[in-house]
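The sequence shown begins at 1402 in the working numbering and counts up by one.
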Amino acid sequence: MKKIEQIIKWFIVGVSIGILIFIGYSSYQSSKKPDKIVLVSKSIQSEYVFWETIRMGAQLAAKEEEIPFEYVGPLEEKDVDKQVEIMNSKIEEGADIILLAAADKERLALSVENAKKKGITLVSVDSSVVGLTEIVATDNVDAARELTHYLLESINNEGEVIMLNFVQGASTANEREQGYDLVMAGQAKVKQLPTVYTEGTTESAYKKAKEIIKQYPNLKGIVGANQYMTEGICLAIEELGLSKKIKVVGFDSSNVIIEALEKGIIEAILVQKPFNMGYLGVKVAVDLFYGKKVEQGTDTGYKLITADTLYDTENQKLLYPIIR
């Protein structure tokens, strides 16, 4: 009997020690500061205003948290293989926190799975990826719907309309086309032409826009699905002297796009809030790292801007974010 009591006693002691070790380790984990935050972007070209602004927001948040920050990614969005390679290298380095803007929601899935196995804290920014529910981004379906409605109003809800889109496989490209399709499906007098994909650069968008205009002489409206698509369309429309004859709307902003808005080449732009995206992405990731509960999805919002509202104070702040 005494032997059984001794066994039970030592079993209880062993369990108690195990619990104390676990609590101690958990406490250590929750108090340990991340060594580094890495933002893996779709593109690190300095002229790509959207990604540069995301970087600015993320960098400021990392500075506030007193955590070192690194910004990496391929030069072009279409180079998904390079993004996978960079992502995998950061996983191997053992980064504590990674913010990922996946150029392809399927092809980055394995990298996400491997990062989770290594205990890396992950948050998606801008674009979703299979296997990751924590995301800080624009509601792209809703944004595309609003932009498409504006275009249709500008052409009196009749005529031929087309979307110029970027890299296939990117969740943002798919979602924007989905929002556009939802609006177009209910139009009796509008003919929806097949969406055209490009290589994701201004030059490819410019060339495709000229081809589209030649192919569809009765074209009334074009939607640009991101900064480079919108820039390319505007350059083509201006060169061909078709301002106001073909109505243009598009996502994002840059000096080229803002100048086109001032000249009346483009009717409206859908401006996201990339600074907020980067900033909140870091804040959400840090909370996750420390074991805090966070929302699975954070909608960073957007704003439709026209020539009439271009110089509104709030819109100027959105178009030209400055870190003070």
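Glycine included, every Cβ here is placed at the ideal spot set by N, Cα and C. Bear in mind the structure is a predicted one, so any value in this text is a computation, not a measurement.
Same chain, Cβ closer than 7 Å to residue i, neighbours up to 5 away in sequence not counted
i: residue 1688; result: 1695
i: residue 1530; result: 1501, 1503, 1506, 1509, 1510, 1513
i: residue 1516; result: 1492, 1499, 1523
i: residue 1710; result: 1716
i: residue 1558; result: 1588, 1590, 1591
i: residue 1550; result: 1584
i: residue 1561; result: 1592, 1594, 1617, 1619, 1620, 1621
For residue i, three-class secondary structure by DSSP
i: residue 1522; result: strand
i: residue 1641; result: coil
i: residue 1606; result: helix
i: residue 1700; result: strand
i: residue 1598; result: strand
i: residue 1588; result: coil
i: residue 1425; result: Because residue 1425 sits at a pLDDT of 45, beneath the cut-off of 50, its placement in the model cannot be relied upon, and the following sentence gives the value as read from the coordinates. Helix, per DSSP.
i: residue 1710; result: coil
i: residue 1445; result: coil
i: residue 1502; result: coil
i: residue 1661; result: helix
i: residue 1538; result: strand
Classification of residue i by the beta-carbon crowding that lies within 10 angstroms, buried from 16 upward
i: residue 1729; result: Here the chain covers residues 1402 to 1725 and nothing more, so residue 1729 does not appear.
i: residue 1718; result: exposed
i: residue 1725; result: Low local confidence applies: a pLDDT of 40 at residue 1725 is under 50, so the model's placement there is unreliable, and no value is given.
i: residue 1449; result: buried
i: residue 1535; result: buried
i: residue 1495; result: exposed
i: residue 1519; result: exposed
i: residue 1627; result: buried
i: residue 1713; result: exposed
i: residue 1642; result: exposed
i: residue 1645; result: exposed
i: residue 1697; result: exposed
i: residue 1566; result: buried
i: residue 1629; result: buried
i: residue 1612; result: exposed
i: residue 1721; result: exposed
Boundaries of the beta strand (DSSP E) in which residue i is found, first to last residue
i: residue 1440; result: 1438-1441
i: residue 1558; result: Note, residue 1558: premise wrong, no beta strand (DSSP E); not H, not E.
i: residue 1473; result: 1470-1473
8 Å Cβ shell around residue i - same chain, five flanking residues per side excluded
i: residue 1571; result: 1443, 1478, 1503, 1504, 1505, 1506, 1528
i: residue 1452; result: 1442, 1443, 1444, 1445, 1446, 1474, 1502, 1675
i: residue 1487; result: 1441, 1473, 1474, 1475
i: residue 1604; result: 1633
i: residue 1464; result: 1470
i: residue 1489; result: 1512, 1515
i: residue 1437; result: 1468, 1469, 1470, 1471, 1496, 1497, 1498
Start and end residues, alpha helix (DSSP H) containing residue i
i: residue 1714; result: 1714-1720
i: residue 1582; result: 1572-1585
i: residue 1684; result: 1675-1690
i: residue 1651; result: No alpha helix (DSSP H) holds residue 1651; the beta strand (DSSP E) holding it covers 1648-1652.
i: residue 1461; result: 1450-1465
i: residue 1486; result: 1481-1494
Beta-bridge pairing of residue i - partner residues as DSSP gives them
i: residue 1530; result: 1533
i: residue 1564; result: 1624
i: residue 1569; result: DSSP output for residue 1569 lists no bridge partner at all.
i: residue 1705; result: 1671
i: residue 1616; result: According to DSSP, which records beta bridges pairwise, residue 1616 is partnered with nothing at all.
Neighbourhood of residue i by C-beta, 6 Å cutoff - its chain only, sequence neighbours within 5 removed
i: residue 1435; result: 1468, 1497, 1498, 1690
i: residue 1458; result: 1676, 1679, 1680
i: residue 1425; result: Caution applies to residue 1425, whose pLDDT of 45 falls short of 50 and renders its modelled position unreliable; the model cannot decide the point.
i: residue 1635; result: 1661, 1666, 1667
i: residue 1657; result: 1632
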